[in-house]
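S.K.:
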Amino acid sequence: MEATRGGDDGAVRAPAEAPILQVSNLAVAYNESVLALRAVSLSVPAGAVVALLGANGAGKTTLLRAVSGLLGVHGGTVRQGAITFDGEPIGQAAPAAIVKRGMAQVMEGRRIFGELSVEENLRAGAFTRRDRSGVRDAYDRVMEMFPVLAERRRSQAGLMSGGEQQMLAIGRALMAAPRLLLLDEPSLGLAPLVVQQIGEVIAEINRGGVSVLLVEQNANMALGLAHHGYVLETGRIAKSGTAADLRADSDIQEYYLGAGGGDGARRSFRDLKGYRRRTRWSA
Amino acid sequence: GGRDDEGSKEPTKKGAPATTAGFDGKTITLGVITPQTGIASIIGIPLTKGGEVFFKGLNAKGGIAGKYPVELEIRDSQYNANTAQQNYSDLRNKVVMIEQILGTDVTNAVLKQMQADNMVASPATLDAEWVRDPNLLPIAAPYQIEAINGLSYWVTEGGGEGKTLCALASDDLYGEAGLDGVEFAQKDLDFKMGKVVRFAPDTSNFSSQVQQLSSGCDAVFLAALPNATLSLMGTAATSKLDVRWIGLAPTWVGLLASGATGTYLKDHFWLAAQGPEWGDVSVPGMKMMIEDQKKFAPDQKPDLYFAFGYSQAFTVAKLLEKAVERGDLSHKGIMDALNELGTVDTMGAAGSYTYGPPEDRKPPEETTIFSVDPAAADVGFLKAVKTNYISDAAKKFEFPK
Amino acid sequence: MTDFLNLLVSGVALGAQYSLVALGFVVIYRATGVINFAQGGFCVLGAYLAYNFHNTWGVPFYLALVLTALAGAGVGALVDVTVLRRFVGQPPFVVIMLTIGLLILIEQIVPSVWGADPLPLGDPWGLRTVSPGGVDIKVSDLWTVGIVAVVLAGFFAFFRFSRMGVAMRATAVDLEAAMAQGIPAHRVYRVSWSIAGLVAALAGLTLAAGGGGVRLDIELVALTAFPVIILGGLDSPGGAVAGGLLIGVAQVMSGKYQPEHATWLGQGFPIVMPYVVMIIVLLVRPYGLFGQRKVRRI
Amino acid sequence: MSTPPRKPAEAGRPLLEVSDVTLRFGGVSALTDVSFDVAHDELFAVIGPNGAGKTSIFNCLNGVYHPQAGRIRLDGVDIMGRRPAAIAAMGVARTFQNLGLFTNLDVVENLMLGRHHLMRTGYFAGAVWFGRARREEVAHRARCEEIVELLDLGPYRSRPVGLVPYGVQKRIELGRALAMEPRLLLLDEPVAGMNLEETEDMARYVLGARHELGVSMVLVEHDMHLVMDIADRVMVLDFGQVIATGTPAEVQNDPAVIRAYLGQAS
Amino acid sequence: MARPGTLLVTRPEQRLRLLPTNWYKAFVILLAVVWLTVPINLSDAWLDVLARCGVAAIGAIGLNLLTGYTGQISLAHAFFIAIGAYTAAWLGVRSDLPFLLWLPATFVVGALVGALFGPFALRVRGDYLAILSIGLLYIGQHIFVNWTSFTGGRPGTSTGAPAAIGPLDFADLNLFDQAYSRRQGLFWLVWLVVAIVALLARNIVRTRPGRAMQAVRDRDVAAEVVGVSNARYTISAFALSSGLAAVAGGLYGVVALTVSPADFGGAPGLLLSVQYVAMIIIGGIGTIGGAVAGAVVVVAIPRVIEQISNSVAIPFVGPGEPISLFAFNNMIYGALVIVTLVFEPRGMVAGWERVKAYWRTWPLAD
Ligand SMILES: Nc1ncnc2c1ncn2[C@@H]1O[C@H](COP(=O)(O)OP(=O)(O)OP(=O)(O)O)[C@@H](O)[C@H]1O
Ligand SMILES: Nc1ncnc2c1ncn2[C@@H]1O[C@H](COP(=O)(O)OP(=O)(O)OP(=O)(O)O)[C@@H](O)[C@H]1O
Ligand SMILES: [Mg+2]
Ligand SMILES: [Mg+2]
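The listed protein sequences derive, respectively, from chains A, B, C, D and E.
According to this note's numbering, the first sequence is numbered sequentially starting from 2.
According to this note's numbering, the second sequence is numbered sequentially starting from 3.
According to this note's numbering, the third sequence is numbered sequentially starting from 1056.
According to this note's numbering, the fourth sequence is numbered sequentially starting from 8.
According to this note's numbering, the fifth sequence is numbered sequentially starting from 37.
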């Protein structure tokens, strides 16, 4: 799809100075043995959309887990480095406490509560909120955004189609009214029209002052929305810069956007057979 | 190791017995396999206590034959057949005999192994089928006799003549033994037989049973275990079931005498059990026990099972004395001693039991009829109505060969 | 007819006791997906605590009832804090094993503290009955039914209106996702174990009241509650009560009528009966009468 | 640039014939009178909005769902009402939208499970080991190693697949499906969650498999570039109904399809 | 970290070795030596405990095939053990079949009965199945009590079936002019069967049927879709597991000489079944070695505790103290279960793996 906004687009709020999320020099290991992140530093300025790109297994999800305090569930530990949220270290905080401070996420693999109804899923998303009217407004907005969910309010979430579940996962994260939203591949399995819509939603939320850390394989959309971007490669930050810089980068075009970045020059998937890939940029 | 180190070295005739498993030349070690934890420990603990107190008393006098003190190796069977087998394996080369083993299932579970080892055990269960088991040393009148005596008392002295008797029995070997007695009594005594209701041993709600008994019964014979009796009597009292209950010894537990149940039982319940009223020092066996109890277990509350354990230990001591006299404390030696033992008189505590070769054994026939007195804590709420009663019917009962 | 009504009443009373025990299972299951084998232990502990409050420390009975409930909740919370919280996120299997370990401990602690002999609770209900229309109803049974009703209503309100209600179920379905929604798993578990402890203590108390006595084998009722919770549906409070009543009545009725009319079913059938009912119901409805089907979609 | 889409094989009857399949869940109609054919060696794509019923078609094809009406034939044999395992043994393989890997087993074991229906070792032979079990293990493992090689799964080969990254799991799924040596391969969103590079890899694997093994495929995917590039024919579903079937070019320009699914972009 | 050895793997056959390294071979030889010498050096009482451990190990392997490998939770294991014990009594004692006939026949009967229960598992799942299986225990008890001609009713029946393989009568062993006690002989016999069962089970789980079982466990719908019939493998796992339970039951009968419903029915049965579940959890779910290790620990630990606490003085514990020795023993047992799980929730085998991994990476580990 077409990139609609860039970092320099006037429609998006200019990011404020102080980073809302700061990850510095982070190393993470699973089971005391597999090093998934090595010395990763990254920051999300308050009010900004930051895209995080990277191949499968690069460690994107791991980074989000570290930020949201969920590493322990997977047997992961932070080996070194620090994470601050709003200037305060959250390295040791419990996931619930972190969410309570204003961080919500769309998890990899949807992870909706299959046995709960759509409505209950959304209520669970608003767990940390006490303002009833705010919750009701958020609920109405989600329903408006995804009419499919409204139709199936009372049905068990687990029976819905993959894409419908993904919408629910996004809706659930929005219910928390976060200040920082972590999105792990929100467009996964969504139809093109809906992807477009999600892009708009993210932009809109961001206009409302919410900072976003966006992990996406749909690099076109991600870099279209983001002010900044990082590229993660086998646990290291391989590239970073403004979205515009990244879009102009030839490697990014090669691996994420399709050669040339524009539509005309895109390689057809049929012609891949003899194609030899360029060597990677990172060691 | 590994070999059965069973079999004593050279039985020395009439001299000091040779050392053997459970006897180091000085101390005689006996095994106990009994529930010390879990629900059945209500019975197992006082029972074991009674035995311990007896042997403390005996040891104070020097021990068996005045020179061999006795030690008990107690194992907790948890009332579980499987555990009991392991308890037995553990004990078999450490003890001269099993002084006490509680539970029909538990005893059944180890009986086979005991036969292989020539081990003698004294079961704390009054099953008649064990009267003639060469490896067992039962004491007191079996359930059948208790039942017959109880019913006989009801018919002859309790106004039961010509009336209708119903029965409520737990659906296990113990209940069956009781019902055997009822069946026998029916042939000999003048009463009509009403409903016979059986219930699974772990029943906890007796409303349907009580309702079945609510019409057409003047008296109800009861073979149950304490926990069942508690539930049952609560329901019976609430339904104001107006019958005469005649319960076997294991139906009893002190809590029955408390509260409204106690009031109900006072008028409606007789217990047919062995031994005199607690503290009835006119009976020599009881006198001896009370003396020992005061000395060695002053906190012990009146308790049927304690008294039973005491009498049991008394009988076991007699057997050991015989074995010492024969100069052989080996497992086989004890079996032989049991065959030669003759009559053991518990001085009124649990009747006189004639041992000897299995086919000649003859259990005692006396049963005491108790009534419930909620105020009489000093006798364990059980007042003897008729001490060591022997009915004519009981004398006719033949034990299976 | 009064015979039948009397039986029905006893069946309902028995069923109410089952229900109360079963409700304790349901909370834990809803929040953790674990069948708590220690529930019977909690019941026993509750009964003995009630004994202490009322008899040893002389607290008036109805106050003792409240204190017992609170103490039960405390026991649940304590168990959670000391042991269970280390197991958040472990597979249900492990936690079930853990509850078995707990049961073994409680089974030994209780007689070590209070002795093995049954004790009188000394409740004012005793064996008192009321007899509307010739049907005898035990006062203690009326109270049991009342307590069940209150607890059930509390459950409904809790699951309906409290954030914790949804949070519990969410936690049971997907712990990690729940934590990612800001649901504090530790607190959810503590709350559910406390509620389970509270309900268990009340169950223990009602079992000991009405002449039953405070005794170790109160624990066994929890075994009988297994078919009850399955019959109703492991995660359904309403189901626990419905299942309890159904089994209670069926058991009492079969106790009377099976020996009279269906002797071919063998001796001691009423004990097996709950399981037979359970198996039949499960074959028709694999998740019990009111249980929620596990969602399985690919 | 792009080679012209391959013609569906004219000769003989199609490999897969789906006619008038209707599937309802309570009130929800997931599929209404859906009909299509897939020829031998054809790559047939199914697209449509979320919840249109694409996955449900797959579920009907391999016997997980039982449609209320309609007929499904594989090579002329009616497969409606058969159990999934039986259909799999007839040569229908699939990948799952939400991943259906055996998470505690490693990569090779997962692939070996794909070959389950090609093997014969039973409990007895397995327990004895020497003889058939050993022979089969050796032979089939060798085939699986080839697939590991082909899909670049080497680095993950002995890890429980639950612990490997999402994208790799998708590749393992493809591998397992290929290990089944199917006649018909159903791919449910194989490149979801992959970046361009990985999508290209996946496309290569898929096209390679098609060339070398000659499998027919049904592809469900939301990545329009991929679909339009590699599919021979495309069917579009909306609310469980077929709204268009045709070559990628035809479908792409169908106004109904644009309205319901594609939007103005692409 | 890959083990250095695996780097050298070049052909698939090499991955298929049961004992991939010399360490494993040495370990197996060590086990064999222990097996041979233990009866010479231990007292009969301990041999009895160990024989029971071996019996339990066979049952636990069976349960692990069902629960650990196929993911079906069953608490009816005691029921199938009972079936085995009664069948052995019937075939071995009353019909006097030799060991090599009655033992396999026990497996067959157990497997058949298990297969009958299998279809329930297809309909009812997870925890519901677990409790449904408790129903089987109670119904089993009802049958055992009432079907007296087969089971002997409540008092039970004798089960000292023959234990001779050819000229070697393990119940009364005479070898090279040396007589061995029944318990020595039975130790050798039982653990021989354990070894055979473990080997066969190990082979099953690493070949096609075993993989299929694990597939059903991990994701049953997907398994079905790749061609693994859920019905077939669930039912056959039940058959296999109950067949092994029955073998355990048959051997239990040989060790115990008599069985009755009090061993297996109702509440005692539930206790026994729960113990089997404890074995596989504490040993390590989904491993054959774990089942064996768990069985040894769960069966032997109470006896070990008993021995130790009998010989040391512990404050507040003992006659006249607030806590009886026996209550204390059980408390320790309960506490041990809890502590083991706290320390290593995935069981002893996982703990062992951890230790191994630690040493392998030792210079690197911190
Ligand atoms: N629970 C775990 N245990 C062990 N290793 C893990 C675990 N989770 C992830 N890893 C490893 O950590 C690395 C990074 O994985 P991660 O899931 O963060 O990648 P990702 O960038 O999110 O990939 P994808 O795009 O496929 O989602 C991978 O090598 C993966 O195998
Ligand atoms: N087992 C089921 N029970 C109830 N409804 C179902 C079930 N399976 C599918 N549905 C419904 O049928 C419709 C079609 O679902 P399906 O999964 O086939 O959609 P899809 O086209 O694959 O969508 P997506 O692109 O989001 O994966 C959806 O509305 C879904 O909720
Ligand atoms: Mg990821
Ligand atoms: Mg789909």
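Don't be surprised by glycine CBs; every beta carbon is placed ideally from N, CA and C.
1. Can you find a CB in chain D that lies within less than 8 Å of the CB of Gly230 of chain A?
2. If you measure between the beta carbons of Ala1225 of chain C and Ile1238 of chain C, is that distance less than 8 Å?
3. Here's the rule: buried if 16 or more other CB atoms are within 10 angstroms of the residue's CB, otherwise exposed. What is Gln75 of chain D?
4. Do Thr206 of chain D and ligand 3 come close, with the Cβ less than 7 Å from some heavy atom?
5. Report all residues for which the CB-ligand distance to some heavy atom of ligand 6 is below 7 Å; order them along the chain.
6. Could you tell me the alpha carbon to alpha carbon distance between Trp136 of chain D and Leu1338 of chain C, rounded to whole angstroms?
7. Any heavy atom of ligand 1 inside 7 Å of the beta-carbon of Ala59 of chain A?
8. Would you say the beta carbon of Ala37 of chain A is closer than 7 Å to some non-hydrogen atom of ligand 1?
9. Using only alpha-carbon positions, find the residue among D:Gly161, D:Pro56, D:Gly88, D:Asp48 that is nearest to Cys67 of chain D.
10. Enumerate, from N- to C-terminal direction, the unbroken beta strand (DSSP E) stretches of 3 or more residues contained entirely within the segment 27 to 87 of chain D.
11. With respect to the alpha helix (DSSP H) encompassing Ile76 of chain E, which residues constitute its N-terminal and C-terminal limits?
12. Pro144 of chain B: buried (16+ other C-beta within 10 angstroms of its C-beta) or exposed?
13. Spell out a yes or no on whether the segment 92 to 103 of chain B and the segment 79 to 97 of chain E are touching, meaning 3 or more CB-CB pairs, one atom from each, closer than 8 Å.
14. Let me check one thing: in DSSP terms, what residues is Trp138 of chain E bridge-paired to?
15. State the Cα-Cα distance for the pair Ala97 of chain A and Met1234 of chain C, rounded to the nearest angstrom.
16. Hey, would you say Lys296 of chain B sits closer than 8 Å to Asp375 of chain B, going by beta carbons?
17. What does DSSP give as the partner residues of Asp205 of chain E in its beta bridges?
18. Interface residues of chain D around Leu52 of chain E at Cβ under 8 Å?
19. For Gln218 of chain A and Glu186 of chain A, what's the separation of their Cα atoms in angstroms?
20. Using DSSP with H/G/I as helix, E/B as strand and the rest coil, what is Lys194 of chain B?
21. Just reading off the beta strand (DSSP E) that Asp195 of chain D is part of, what are its end residues?
22. Any idea if Ser1074 of chain C is buried or exposed, counting beta-carbon neighbours within 10 angstroms, 16 or more meaning buried?
23. Look at the alpha carbon of Leu1158 of chain C and the alpha carbon of Tyr369 of chain E, and state the distance between them as a whole number of angstroms.
24. Would you mind working out which of C:Leu1062, C:Val1276, C:Gly1088, C:Pro1175 sits nearest Phe1097 of chain C, comparing C-alpha positions?
25. Would you verify that the beta carbon of Gly105 of chain B is, or is not, closer than 8 Å to some beta carbon of chain C?
26. Return helix, strand or coil for Gly263 of chain A, following the three-state DSSP convention.
27. Report the residue from E:Ala248, E:Trp126, E:Leu86 whose alpha carbon sits nearest the alpha carbon of Arg127 of chain D.
28. Can you pull the chain E neighbours of His123 of chain D, defined as C-beta to C-beta under 9 Å?
29. Note the first and the last residue of the continuous beta strand (DSSP E) segment covering His229 of chain A.
30. Assuming Met1333 of chain C contacts Pro1292 of chain C under a Cβ cut-off of 8 Å, what Cβ separation, rounded to an integer in Å, is found between them?
31. Using a Cβ-Cβ cut-off of less than 8 Å, list which residues of the segment 1079 to 1100 of chain C approach chain B; keep chain order.
32. Is the separation between the beta-carbon of Lys61 of chain D and that of Leu203 of chain D shorter than 8 Å?
33. Let me check understanding here. Comparing Cα to Cα, which of B:Tyr307, B:Glu148, B:Asp244, B:Ala118 lies closest to Leu104 of chain B?
34. With which residues is Pro125 of chain B paired in a DSSP beta bridge?
35. Trp280 of chain B and Val387 of chain B: beta carbons closer than 8 Å?
36. Tell me the residue span of the alpha helix (DSSP H) that contains Ile187 of chain D.
M.R.: A quick look at the data gives this:
1. At a cut-off of 8 Å, the C-beta of Gly230 of chain A has no neighbouring C-beta in chain D.
2. With respect to Ile1238 of chain C, Ala1225 of chain C sits close: the two C-beta atoms are nearer than 8 Å.
3. exposed
4. Checking the 7 Å criterion, the Cβ of Thr206 of chain D is out of range of every heavy atom belonging to ligand 3.
5. Of the ligands this structure carries, namely ligand 1, ligand 2, ligand 3 and ligand 4, none is ligand 6.
6. 38 Å
7. yes
8. yes
9. D:Gly88
10. 35 to 45, 50 to 54, 76 to 81
11. 58 to 77
12. buried
13. yes
14. BP columns for Trp138 of chain E are empty, so no partner.
15. Rounded to whole angstroms, Ala97 of chain A to Met1234 of chain C spans 6 Å at the Cα level.
16. no
17. E:Ala200
18. Arg141, Glu144, Val145, Arg148
19. 7 Å
20. strand
21. 191 to 195
22. With 16 or more Cβ atoms within 10 Å of its Cβ, Ser1074 of chain C is classed as buried.
23. 11 Å
24. C:Val1276
25. By this cut-off, Gly105 of chain B is not an interface position.
26. No answer about Gly263 of chain A holds up, because its pLDDT of 46 lies below 50 and its placement is not dependable.
27. When only C-alpha atoms are compared, the closest one is E:Ala248.
28. Going along chain E in sequence order, the residues near His123 of chain D (Cβ under 9 Å) are Arg244, Arg247, Ala248, Ala251, Ala259, Val262, Gly263, Val264.
29. 229 to 234
30. About 18 Å; that fails the 8 Å criterion.
31. none
32. no
33. B:Tyr307
34. Under DSSP, the beta-bridge partners assigned to Pro125 of chain B are B:Ile103.
35. no
36. The displayed chain sequence assigns Met, not Ile, to residue 187 of chain D. No alpha helix (DSSP H) holds Met187 of chain D; DSSP gives it neither H nor E.
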